[in-house]
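Sequences listed follow chains A and B, in order. FYI, the numbering for the first sequence is 7 to 163, going by the working numbering. FYI, the numbering for the second sequence is 7 to 163, going by the working numbering. Please read the structure below before turning to the comments.
2 protein chains.
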Amino acid sequence: MTYETGFEVPPERQEVIITRLFAASPERVFAAHVDATLVPLWWGPRYLTTSVERLEARPGGQWRYIQRAADGAVHAFHGVFHLVEASRRLVTTFEYEGTPGQVLLNDLHLEAVAEGTRLIQKSVYLSVGDRDAMVQAGMRSGLVTSMERLDELFAAS
Amino acid sequence: MTYETGFEVPPERQEVIITRLFAASPERVFAAHVDATLVPLWWGPRYLTTSVERLEARPGGQWRYIQRAADGAVHAFHGVFHLVEASRRLVTTFEYEGTPGQVLLNDLHLEAVAEGTRLIQKSVYLSVGDRDAMVQAGMRSGLVTSMERLDELFAAS
């Protein structure tokens with residue numbers, strides 16, 4: 007079962023709002039975000055290999071993921087967990103190491119619904135310009151792929 | 007010399023923009039933000055005593071400040087440094103421990119100007135509601151006091 011990924015880019019605001027239904031419980035969707043063995047199975051595009059260097063899902067804990075391409079190119083991302091409410095909410099920062107200081111806040115909410123889980127993620131940028139640059143860089147297609155890979159993860163196990 | 011503190015709360019946006027001139031160099035204004043011996047001299051209202059538990063001004067470094075009132079009440083604040091450009095820019099997170107998860111991003115810019123330094127700080131909240139709650143709670147008067155205490159620090163030394 008695959009649902010559409012909502013991708014809202016409100017004009018003149020520094021945020022993107024993502025909404026998505028999953029045919030899996032909030033417990034499973036949450037685990038996919040905080041279990042270092044699960045993140046590499048869905049995080050990012052299919053043509054990159056993601057590895058988890060660090061994933062400390064507690065307030066003040068850090069995370070760092072590394073993506074490797076077949077040609078050897080490497081991209082790394084990191085951030086900090088600020089709020090961790092099991093199966094309900096995660097507040098984290100997110101920074102691509104190629105653009106230091108362009109940090110953003112991610113506020114992830116999970117709700118139990120008839121279909122399984124509704125995910126609502128708000129990404130908040132330092133400026134409308136930072137937000138628009140991420141959207142222009144193809145943020146939507148990357149996210150849609152990750153959400154589809156999550157469906158596959160839930161269907162497979 | 008004391009200048010007015012600009013305090014901009016754009017409608018329907020999740021940010022507050024603070025602007026302030028100081029009769030001191032960007033080097034001195036920057037030091038006041040990253041030197042653990044200087045922060046307690048200006049950070050917060052005059053009736054509270056601020057102590058620095060941790061101040062690691064490097065990307066990924068953490069900070070934690072504790073404010074104590076005469077009656078024994080204690081308030082703590084913490085966050086993470088994401089970008090540190092000496093005398094020019096600091097990108098940090100900020101969280102009051104009384105409201106976990108209401109984290110915000112602070113983007114501080116310092117510019118050398120004829121008067122000394124222009125400080126521009128943008129505080130970005132998870133939502134317009136979070137931003138408005140901070141403004142209602144008296145954010146402006148707290149900030150104006152801190153800026154005046156900075157003037158006194160620069161005048162005294």
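C-beta atoms are modelled at their ideal positions from N, C-alpha and C, and glycine is treated no differently.
Does any residue of chain B bring its CB to less than 7 Å from the CB of residue i?
i, result
"Asp-58 of chain A", "Looking at the sequence shown, residue 58 of chain A is not Asp but Val. For Val-58 of chain A, the answer is no, since every Cβ of chain B falls outside 7 Å of its Cβ."
"His-115 of chain A", "no"
"Val-141 of chain A", "no"
"Val-80 of chain A", "no"
"Val-97 of chain A", "yes"
Closest to residue i by C-alpha separation, out of the options, would be which residue?
i, options, result
"Leu-110 of chain B", "B:Phe-28, B:Leu-44, B:Ile-23, B:Ala-29", "B:Ile-23"
"Gly-12 of chain A", "A:Tyr-131, A:Glu-154, A:Ala-38, A:Gly-78", "A:Glu-154"
"Ala-79 of chain A", "A:Ser-152, A:Leu-44, A:Tyr-53, A:Ala-143", "A:Tyr-53"
"Leu-96 of chain B", "B:Val-58, B:Pro-65, B:Gly-135, B:Pro-46", "B:Pro-65"
"Gln-127 of chain A", "B:Ser-133, B:Leu-125, B:Ser-129", "B:Ser-133"
"Phe-83 of chain A", "A:Arg-94, A:Gly-107, A:Ser-93, A:Glu-91", "A:Gly-107"
"Thr-151 of chain B", "B:Arg-34, B:Ala-143, B:Ala-30, B:Pro-51", "B:Pro-51"
"Met-145 of chain A", "A:Phe-28, A:Tyr-9, A:Met-7, A:Glu-14", "A:Glu-14"
"Asn-112 of chain A", "B:Ala-76, B:Tyr-9, B:Val-130, B:Val-90", "B:Val-130"
"Glu-91 of chain B", "B:Ala-76, B:Asp-136, B:Ala-63, B:Ala-75", "B:Ala-63"
"Val-119 of chain B", "B:Val-35, B:Gln-20, B:Pro-17", "B:Val-35"
"Glu-121 of chain B", "B:Thr-8, B:Ala-76, B:Ala-29, B:Asp-136", "B:Ala-29"
"Glu-18 of chain A", "A:Ala-162, A:Leu-89, A:Gly-135, A:Leu-149", "A:Gly-135"
"His-88 of chain A", "A:Gly-67, A:Gln-142, A:Asp-77, A:Tyr-71", "A:Gly-67"
"Glu-10 of chain A", "A:Ser-163, A:Ser-147, A:Ala-161", "A:Ser-147"
"Pro-16 of chain A", "A:Ala-161, A:Ala-162, A:Leu-149, A:Val-141", "A:Val-141"
"Thr-105 of chain A", "A:Ala-76, A:Ala-75, A:Ala-139, A:Asp-77", "A:Ala-139"
So residue i contacts chain A; which residues on that side make the cut at Cβ distance below 8 Å?
i, result
"Leu-61 of chain B", "None at all; the shortest Cβ gap to chain A is about 15 Å."
"Leu-156 of chain B", "Residues of chain A passing the Cβ test: none, with the nearest at roughly 23 Å."
Does the beta carbon of residue i come closer than 7 Å to any beta carbon on chain A?
i, result
"His-88 of chain B", "yes"
"Val-22 of chain B", "no"
"Gly-107 of chain B", "yes"
"Leu-54 of chain B", "no"
"Leu-111 of chain B", "yes"
Quick one, are the C-beta atoms of residue i and residue j less than 7 Å apart?
i, j, result
"Leu-156 of chain A", "Trp-69 of chain A", "no"
"Thr-99 of chain B", "Gln-73 of chain B", "no"
"Val-58 of chain B", "Val-45 of chain B", "yes"
"Arg-26 of chain A", "Leu-125 of chain A", "yes"
"Leu-114 of chain B", "Pro-32 of chain B", "no"
"Gly-85 of chain A", "Glu-101 of chain A", "yes"
"Leu-61 of chain B", "Ala-42 of chain B", "yes"
"Gln-20 of chain A", "Arg-137 of chain A", "yes"
Name the chain B residues whose beta carbon is nearer than 8 Å to that of residue i?
i, result
"Glu-101 of chain A", "His-88"
"Pro-32 of chain A", "Within chain B, no residue comes near Pro-32 of chain A; the closest Cβ sits about 17 Å away, beyond 8 Å."
"Pro-65 of chain A", "Pro-106"
Which chain A residues sit within Cβ distance under 7 Å of residue i?
i, result
"Val-130 of chain B", "Gln-20, Val-130, Leu-132"
"Leu-125 of chain B", "Going along chain A, no residue has its Cβ under 7 Å from Leu-125 of chain B, so there is no contact; the nearest lies around 16 Å."
"Trp-27 of chain B", "Here residue 27 of chain B is Leu; the residue named in the question, Trp, does not match the sequence. The contacting residues do not exist; Leu-27 of chain B stays about 23 Å from chain A at best."
So which residues of chain B does residue i contact, with C-beta pairs closer than 9 Å?
i, result
"Leu-149 of chain A", "Within 9 Å Cβ-Cβ: nothing; Leu-149 of chain A doesn't reach chain B, min ~19 Å."
With a floor of 4 residues, list each alpha helix (DSSP H) that falls wholly inside the stretch 109-153 of chain B, ordered by position along the chain. 134-142
Give the residues from the stretch 37-53 of chain A that approach chain C closer than 9 Å (Cβ to any Cβ), ordered along the chain. In summary, chain C is missing from the structure at hand, where the protein chains are A and B.
Residue ranges of each alpha helix (DSSP H) within the stretch 14-55 of chain B, 4 or longer: 32-40
Give, in chain order, every unbroken run of the beta strand (DSSP E) that is at least 3 residues long and sits entirely within the stretch 54-114 of chain A. 55-61, 68-74, 80-91, 95-102
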